[in-house]
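Residue numbers are given in numbering that gives the first Met the number 0: position 16 of the sequence shown equals residue 15, and the series is strictly consecutive.
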Amino acid sequence: MTIKKDACIGIEDNRKGFEPALGGKFVIINWLNQEIVYIIDLDASARIFIDSNHLYIDNNRLNYINIIDLNSHIEIRCIDNPGIDAIIQTDLNGEILNDWYASEHGYILTPKGKNRRVPRDFDHHHHYIYPTLHQITHVNLAIAFDEEHVLVALFHQDLLV
0 MTIKKDACIG
10 IEDNRKGFEP
20 ALGGKFVIIN
30 WLNQEIVYII
40 DLDASARIFI
50 DSNHLYIDNN
60 RLNYINIIDL
70 NSHIEIRCID
80 NPGIDAIIQT
90 DLNGEILNDW
100 YASEHGYILT
110 PKGKNRRVPR
120 DFDHHHHYIY
130 PTLHQITHVN
140 LAIAFDEEHV
150 LVALFHQDLL
160 V
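As structure tokens, then:
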């Protein structure tokens, strides 16, 4: 993919007035045994990719890509989408089963008090980087809790819903 010079302006302009990426922790929890299976500290934003059996975590500060084996018996993946305040639930083939956009559920203000609308018909990940304080909720966690519920941590609201 080639990014035109003008496309980069959106990335830099989007960061003006915002603090640098805040980082956080990435945690995998075994809910049945109530134990932490894997934990890594991240001092900057990370990119996450899931294929059928592995979870890949890429972070500017890490010298390698973390690869985590996933239980192949899990039939649904729950993916939080950093930057666009959304959660996307897919099957093992990558087909979208369900999605949830914070801006469609009453979350409309960033921590700096700006209104934010997240258009569904725009390919965000190839065009813009959204700093943490530009996001409405900053979804930190999205786990399929059971067949009907998803456990979600919203960073800016300090909520687990």
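By construction, the Cβ of each residue, glycine as well, lies at the ideal position given by its N, Cα and C atoms.
>> Taking its Cβ as the centre, do 16 or more other Cβ atoms sit within 10 Å of Asp84, making it buried, or is it exposed?
In response: buried
> According to the neighbour-count rule (16 or more other Cβ atoms, all chains shown, within 10 Å of its Cβ), is Leu153 buried or exposed?
Replying inline: buried
> Since Trp99 is in the beta strand (DSSP E), which residue starts that stretch and which ends it?
Replying inline: 95-100
> How many whole angstroms separate the CB atoms of Ile135 and Leu108, which I take to be in contact at a CB cut-off of 8 Å?
Replying inline: Contact holds; Cβ gap of about 7 Å.
>> DSSP has Gly23 in a bridge; who is on the other side?
In response: Per DSSP, Leu41.
> From the beta carbon of His133, is the nearest beta carbon of chain C less than 7 Å away?
Replying inline: No chain C is present in this structure, which holds just one protein chain.
> With burial defined as no fewer than 16 other Cβ atoms inside 10 Å of the residue's Cβ, what is the status of His137: buried or exposed?
Replying inline: buried
>> Going by DSSP in three states, Glu34 sits in which element: helix, strand or coil?
In response: strand
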